[in-house]
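2 protein chains.
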Amino acid sequence: MADVIPIIKGKRVAILVEQEFEDGEVIFLSEKLRASSAAVVFVAPSAPTQYRGKHGHIVTSDVAAGRGAHASTFDAVVIPGGYAADRMRMRHAMVDLVREAVEAGKPVAAICYGPQLLISAKAVRDKMITCWPTIAIDIKNAGGLYMDKPVVEDGNLITSRKSDDLAAFSDAIIRALSRVPNASNYEVSP
Amino acid sequence: MADVIPIIKGKRVAILVEQEFEDGEVIFLSEKLRASSAAVVFVAPSAPTQYRGKHGHIVTSDVAAGRGAHASTFDAVVIPGGYAADRMRMRHAMVDLVREAVEAGKPVAAICYGPQLLISAKAVRDKMITCWPTIAIDIKNAGGLYMDKPVVEDGNLITSRKSDDLAAFSDAIIRALSRVPNASNYEVSP
Numbered sequence: 001m002a003d004v005i006p007i008i009k010g011k012r013v014a015i016l017v018e019q020e021f022e023d024g025e026v027i028f029l030s031e032k033l034r035a036s037s038a039a040v041v042f043v044a045p046s047a048p049t050q051y052r053g054k055h056g057h058i059v060t061s062d063v064a065a066g067r068g069a070h071a072s073t074f075d076a077v078v079i080p081g082g083y084a085a086d087r088m089r090m091r092h093a094m095v096d097l098v099r100e101a102v103e104a105g106k107p108v109a110a111i112c113y114g115p116q117l118l119i120s121a122k123a124v125r126d127k128m129i130t131c132w133p134t135i136a137i138d139i140k141n142a143g144g145l146y147m148d149k150p151v152v153e154d155g156n157l158i159t160s161r162k163s164d165d166l167a168a169f170s171d172a173i174i175r176a177l178s179r180v181p182n183a184s185n186y187e188v189s190p
Numbered sequence: 001m002a003d004v005i006p007i008i009k010g011k012r013v014a015i016l017v018e019q020e021f022e023d024g025e026v027i028f029l030s031e032k033l034r035a036s037s038a039a040v041v042f043v044a045p046s047a048p049t050q051y052r053g054k055h056g057h058i059v060t061s062d063v064a065a066g067r068g069a070h071a072s073t074f075d076a077v078v079i080p081g082g083y084a085a086d087r088m089r090m091r092h093a094m095v096d097l098v099r100e101a102v103e104a105g106k107p108v109a110a111i112c113y114g115p116q117l118l119i120s121a122k123a124v125r126d127k128m129i130t131c132w133p134t135i136a137i138d139i140k141n142a143g144g145l146y147m148d149k150p151v152v153e154d155g156n157l158i159t160s161r162k163s164d165d166l167a168a169f170s171d172a173i174i175r176a177l178s179r180v181p182n183a184s185n186y187e188v189s190p
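Here the protein sequences come in this chain order: Z and W. Counting along the first sequence from 1, when you hit position 25 you're at 25 in my numbering, and nothing is skipped either side. Counting along the second sequence from 1, when you hit position 169 you're at 169 in my numbering, and nothing is skipped either side.
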């Protein structure tokens, strides 16, 4: 994977967090992206704020959605699972960030319950999507084409089912980031 | 309310439980129904099994869905909130129990996230429904007519938004039970 590392160097990736995120997913994804030289930014409804995962892992958010964090300031948006995704649906700025990133054609990746936020952002119609099985019916009702596969890519959407799929999921995110033109030079107000 | 008590005496009400149920809702509803002389039966994917609420309250299930528990053995089905509802969607026997009760015209009541199970049972199309706000979009995508009211009744469906609505919710359940003909005399195999 050595050839991938320089390609996504300097890319800015928003990982969305809220209370009750899936600890293992946030840890794996942030470490994997950083190991690939991407800049990981934790985006949440408020910042700097401590958010606690289902199993107790603490993440301190870097920027608040709608304040420092806008879709234009990231190369990709990643939505981890856990019941955090349900909580994020309640926050307009989080939903707006996802919708704007999808509309801008940036890679938007969601795993487990993360695709709930894609439903709220009205981003799944006619798209092939996978997700945690309990919400498959919600994806279908939203007009999405549910598939039971470790990772599903359709346009700029990347989705996975569960933590077991993390390796394939993160590889797909890194591949997508490597296709994003370089030289992004964002100014971010905190 | 003294006139209500004899009317639902002997009625059998299934309260559906799974891990991470909303403690306050299960406690309030079971106490209120028992105070009205209804027989409360805790139905879960397995029984007898201990299920733990979000805040640590333990409920031991009485009968397992699909084994002792069928829609025909209850006068009403109540689906409390919490992430238990999400877990129940994964259990075919729980979804089947709800669908059969809805189809049999029995009162089926769901609060908070409970209506997620109504989506899985394909019971919401063209029905007026309320629910926890994060899943309102899922109700609409399933063809339901979402309303933001403490309690919404449409045919045999009774729905509420959150724990604050429990008084109105339980009153509506008891009113609906009082309209169910008496002399139910069920045999239940454990």
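Quick reminder that beta carbons are idealized off the backbone N, C-alpha and C, glycines included.
### Message
Out of 142/W, 128/W, 131/W, which one is the CA nearest neighbour of residue 121/W?
### Response
On the second sequence, residue 121/W is found 121 positions in, with the first residue counted as 1. If we check each option's Cα against that of residue 121/W, 142/W comes out closest.
### Query
Would you call the segment 143-157 of chain W and the segment 164-172 of chain Z touching, i.e. three or more CB-CB distances under 8 Å?
no
### Query
Under a CB-based cut-off of 8 Å, is residue 160/Z close to chain W?
Taking the first residue of the first sequence as position 1, residue 160/Z is located at position 160. So no, residue 160/Z is outside the interface.
#### Entry: Contact test: residue 124/Z Cβ vs the ligand SAH heavy atom, cutoff 7 Å
Although the ligand SAH was asked about, the structure shown includes no ligands whatsoever.
### Message
Once the 5 residues before and after residue 83/Z are set aside, which same chain residues still bring their CB inside 6 Å of it?
### Response
Stepping through the first sequence from its first residue, residue 83/Z is reached at position 83. 20.
### Query
For residue 58/W, which residues from the same chain have a beta carbon less than 8 Å from its beta carbon, with the 5 sequence-adjacent residues on both sides left out?
As a position in the second sequence, residue 58/W is number 58, starting the count at 1. Same-chain partners within the cutoff: 50, 51, 52.
#### Entry: Contact check, residue 114/W vs residue 81/W, beta carbons under 8 Å
Stepping through the second sequence from its first residue, residue 114/W is reached at position 114. Stepping through the second sequence from its first residue, residue 81/W is reached at position 81. Yes; because the gap between Cβ atoms is below 8 Å, this pair is in contact.
### Query
Start and end of the alpha helix (DSSP H) containing residue 137/W?
Mapped onto the second sequence, residue 137/W falls at position 137. Where residue 137/W is concerned, the enclosing alpha helix (DSSP H) stretches over 136-141.
### Task
Kindly say whether residue 165/W, judged by its beta-carbon, lies nearer than 8 Å to any beta-carbon of chain Z.
As a working mapping, residue 165/W is identified with position 165 in the second sequence. No - not a single Cβ of chain Z is within 8 Å of the one on residue 165/W.
### Query
residue 20/Z lies in the beta strand (DSSP E); which residues open and close that run?
Numbered from its first residue, the first sequence carries residue 20/Z at position 20. Unbroken run through residue 20/Z: none, as it is neither H nor E.
### Task
Using a Cβ cut-off of 8 Å (strictly closer), state whether residue 52/W contacts chain Z.
Residue mapping note: residue 52/W aligns to position 52 of the second sequence, counting from 1. So, not an interface residue.
### Distance between residue 60/Z and residue 100/W (C-alpha atoms, nearest Å)
Within the second sequence, residue 100/W is the residue found at index 100, counting from 1. Within the first sequence, residue 60/Z is the residue found at index 60, counting from 1. Going by the C-alpha atoms only, they are around 46 Å apart.
### Task
Closer than 9 Å by beta-carbon distance: list the chain W residues that pair up with residue 94/Z, in chain order.
If you number the first sequence from 1, residue 94/Z lands on position 94. Ordered by position in chain W, no residue passes the 9 Å Cβ test against residue 94/Z, which lies about 11 Å from the chain.
### Query
Is the beta carbon of residue 91/Z sitting closer than 8 Å to the one on residue 65/Z?
Position 91 of the first sequence holds residue 91/Z. Position 65 of the first sequence holds residue 65/Z. Their beta carbons are under 8 Å apart, which means residue 91/Z touches residue 65/Z by this criterion.
### Query
If contact means a Cβ-Cβ distance below 7 Å, which residues of the segment 116-136 of chain W contact chain Z?
119, 120, 133, 134
### Contacts around residue 176/W, its chain only, beta-carbon distance under 8 Å, and the 5 residues preceding and following it disregarded
To locate residue 176/W, count along the second sequence from 1; it is residue 176. Excluding sequence neighbours, residue 176/W sits near 76, 107, 109, 153, 156, 158.
### Message
Does any residue of chain Z have a CB that is nearer than 8 Å to the CB of residue 23/W?
### Response
For this step, residue 23/W is matched to residue 23 along the second sequence. Chain Z, which has no Cβ nearer than 8 Å to the Cβ of residue 23/W, makes this no.
### Task
Establish whether the CB of residue 138/Z and some CB of chain W are separated by less than 8 Å.
For the purposes of this step, residue 138/Z is taken as the residue at position 138 of the first sequence. True, the Cβ-Cβ gap to chain W drops below 8 Å.
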